[in-house]
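First residue of the sequence shown? That's 1 in the UniProt record's numbering, and the numbers climb one at a time after it.
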Amino acid sequence: MSDDTSESELPSRALESTAPESRLTCDHVCCSTSNNVASALFNAVVRAVVFQSSVLSSTSSKLKSATECAKELEEALVRGAKGSNRTLVDLSNAINAWTAGKKGLMSGVFSSTEDGVAATTTLLLDNDDAWPEAERHKLAIRLVRDYYDTDFQAHCRKSCVDEDALFEHKISCKFLPVSCSNEGCPASFSKHSQEKHDNRCSYKLIDCRLECGRQIARGEMEAHAAGDCAMREVECPYAELGCQHPVRLGKMSEHLFENAENHLRMLYTAETKVSTRVSALERWAQAVVDDDEHRREGLRAIDTALLTLETKHAELDKSHVGSKSHITKLESRVKDLEATVKKQSAELASFRKTVDGLRQSFAQIAKQ
């Protein structure tokens, strides 16, 4: 909200209601207030479209709904401001009340309202014809100036006696729209906010906080202080060798020149340590090589022993094959002998039987 306008700049509302407004009247409106109102109007229409849409609503239907909601919102705000003294708080409340009135029982049931708001916002920004940005700002200015800012908190209505006086007033009016003077900054605001903006503008050139003597844009100060600032403390390239002197980036060449002898001494000491270490590593490597050769000899001996064992195994396999064949022949011979023995046993039994018969016959003959 802007600063209060002095009493001398405030015209009488009573006079305005009974007499036509003079053409020699300042019509400046606070830029930040009009921008905020335009943003609130846009958000209200976006939410109204979301509340009245469904998952089946097409893009064209949403854009048409946005146009209709914008007209309805304008009519509601103008109608609500007539016949009474209104303030910017009343305007904010009226916008919120209109938005809430658009919310139905099923709003947000099938999809997230905030997701819908984000998607619809993008849709309307990409399709500005549905409710052009210029029209939103014109409506915001009209609502502030003509209907709701009755206590002149965000606009000027000072009347002047002639055009010269009006011109002089307008160029000094605290609501005069001005652009930021800092190179690259796109911001516009009312004149009374110029100092406040300048104190926080990221494009404002200010002295380096490390006092390097340069002027840097406020928004780039951190990157400068952490980057190419000559007063930034950096580590000496020989820090790992022992140089612990604090060095400013801009003084590095001077530091290296002044401490060249110390740096060389550090390099020599470091080189000596490295050489000692290298020698120790070489001895260790040689020991590993020697040990490896010893291991190789052991492996060769093992390979020889394995080869001998494999040869003996092969010979045993051959001997085993010969022994197996000999055993097979012996088994066949034993079977043949067993068959012969069985046959001879049978013949012997038959012979014995014949002999016994003869004995019996001889015995009978002898008895006779």
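The beta carbon of each residue, even a glycine, is placed where N, CA and C say it ideally should be.
| said: Using a 10 Å radius around the Cβ and a threshold of 16 neighbouring Cβ atoms, would you call residue 321 buried or exposed? | reply: So residue 321 ends up on the exposed side.
| task | Could I get the ranges of all uninterrupted alpha helix (DSSP H) runs contained in the stretch 20–86, with 4 residues as the minimum, in chain order? | result | 31–52, 59–81
| query | Using 8 Å as the Cβ pair cut-off and three pairs as the minimum, do the stretch 47–55 and the stretch 154–172 touch? | reply | no
| task | Put residue 364 into one of helix, strand or coil per three-state DSSP. | result | helix
| said: Suppose you measure from the CA of residue 357 to the CA of residue 346; what does that come to, to the nearest Å? | reply: 17 Å
| message | So for residue 214, helix, strand or coil by DSSP? | response | coil
| task | Any chance you could list the beta strand (DSSP E) runs of at least 3 consecutive residues sitting entirely within the UniProt zinc finger region "TRAF-type" (197–243), in chain order? | result | 205–207, 215–217
| query | Just the Cα atoms here: how many angstroms apart are residue 131 and residue 102? | reply | Going by the C-alpha atoms only, they are around 18 Å apart.
| field | Whole-angstrom distance between residue 309 and residue 328, CA atom to CA atom | value | About 28 Å.
| field | Exposure label - residue 350; buried when at least 16 CB within 10 Å | value | exposed
| query | Relative to the C-alpha of residue 189, which residue among 145, 271, 29, 124 is closest? | reply | Considering only alpha carbons, the answer is 29.
| query | Using DSSP with H/G/I as helix, E/B as strand and the rest coil, what is residue 89? | reply | It is helical.
| How close, in whole Å, do the beta carbons of residue 180 and residue 160 come, if the pair is a contact with beta carbons under 8 Å? | Contact doesn't hold; Cβ gap of about 28 Å is too wide.
| query | Between which two residues does the alpha helix (DSSP H) carrying residue 167 extend? | reply | 163–172
| What are the boundary residues of the beta strand (DSSP E) that residue 189 is part of? | Counting along the chain, residue 189 sits inside the beta strand (DSSP E) bounded by residues 188–190.
| query | Would residue 284 be called buried (16 or more neighbouring beta carbons within 10 Å of its own) or exposed? | reply | exposed
| Between residue 33 and residue 164, what straight-line distance do the alpha-carbon atoms span, to the nearest angstrom? | 28 Å
| How is residue 179 classed by DSSP in three states: helix, strand or coil? | strand
| said: Let's see if you can read the secondary structure: which residues bound the alpha helix (DSSP H) around residue 136? | reply: 133–142
| Residues bridged to residue 248 [DSSP beta-bridge criterion] | 233
| task | Compute the Euclidean distance between the alpha carbons of residue 258 and residue 240, then round it to the nearest angstrom. | result | 18 Å
| field | CB of residue 249 within 8 Å of CB of residue 230, strictly | value | yes
| Distance between beta carbons of residue 170 and residue 191, contact taken as under 8 Å | Not really, about 10 Å apart at Cβ, beyond 8 Å.
| query | Pick from 232, 254, 263: whose alpha carbon is nearest that of residue 244? | reply | 263
| By Cβ distance below 7 Å, which residues in the same chain neighbour residue 94 in space, the five residues on each side in sequence not counted? | 77, 80
| query | At what residues does the alpha helix (DSSP H) containing residue 150 begin and finish? | reply | It is not in any alpha helix (DSSP H) - residue 150 carries neither H nor E in the DSSP assignment.
| field | Beta-carbon spacing of residue 234, residue 252 below 8 Å | value | Taking 8 Å as the Cβ cut-off, residue 234 and residue 252 qualify as a contacting pair.
| query | Who does residue 159 pair with in a DSSP beta bridge? | reply | Bridge partners of residue 159: 25.
| field | Buried or exposed (CB count within 10 angstroms, at least 16 for buried), residue 149 | value | Residue 149 comes out buried.
| query | Is the beta carbon of residue 194 sitting closer than 8 Å to the one on residue 205? | reply | no
| query | When the distance is taken between beta carbons, is residue 62 closer than 8 Å to residue 123? | reply | yes
| message | If the criterion is Cβ atoms closer than 8 Å, does the pair residue 97 and residue 69 meet it? | response | Judged by their CB atoms, residue 97 and residue 69 are not nearer to each other than the 8 Å cut-off.
| request: Buried or exposed for residue 333, please, with buried defined as at least 16 other CB atoms from any protein chain shown within 10 angstroms of its CB. | output: exposed
| task | Assuming residue 376 contacts residue 177 (C-beta within less than 8 Å), just tell me the rounded distance between them. | result | What the structure shows of the chain is the stretch from 1 to 368, and residue 376 is not part of that stretch, so it cannot be assessed.
| task | Assign residue 357 to one of three DSSP states: helix, strand, or coil. | result | helix
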